[in-house]
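One structure is given below, encoded as structure tokens.
In our numbering, the protein residues as written are 5 to 106.
Structure (structure tokens):
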């Protein structure tokens with residue numbers, strides 16, 4: 005028995021407005037699901053994908069840290085400080101002056 009597929013209408017919408025369409029043609033009782041479990045090359049491919057994801061994650065982490073450092077340098081320069089140490093010394097001096105005034 006062949007059942008007809010549902011229409012290609014969205015079943016809902018994401019928060020950003022993009023439509024959510026139904027997954028067509030998948031059946032949990034399908035015979036092709038059994039064939040996927042026995043595929044030996046799938047494990048190797050999955051390992052490659054995992055390795056690539058790990059490398060990408062490390063690269064993105066490094067890029068994010070570099071961007072943070074650049075933003076801090078720009079902020080320090082706009083405030084008139086040459087280094088984070090100079091800012092720390094200025095803040096410490098201001099706190100000491102504030103405590104002395106009390």
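C-beta: ideal position from N, C-alpha, C; glycine also.
As the structure is a prediction and not an experimental result, all values here were calculated from the model.
Name the one or two DSSP bridge partners that residue i has.
i: residue 24; result: 16
If you run the structure through DSSP and keep just helix, strand and coil, what is residue i?
i: residue 84; result: coil
i: residue 106; result: coil
i: residue 33; result: coil
Is the beta carbon of residue j closer than 9 Å to that of residue i?
i: residue 64; j: residue 80; result: no
Taking the alpha-carbon of residue i as reference, which of the options has the nearest alpha-carbon?
i: residue 13; options: 86, 20 and 26; result: 26
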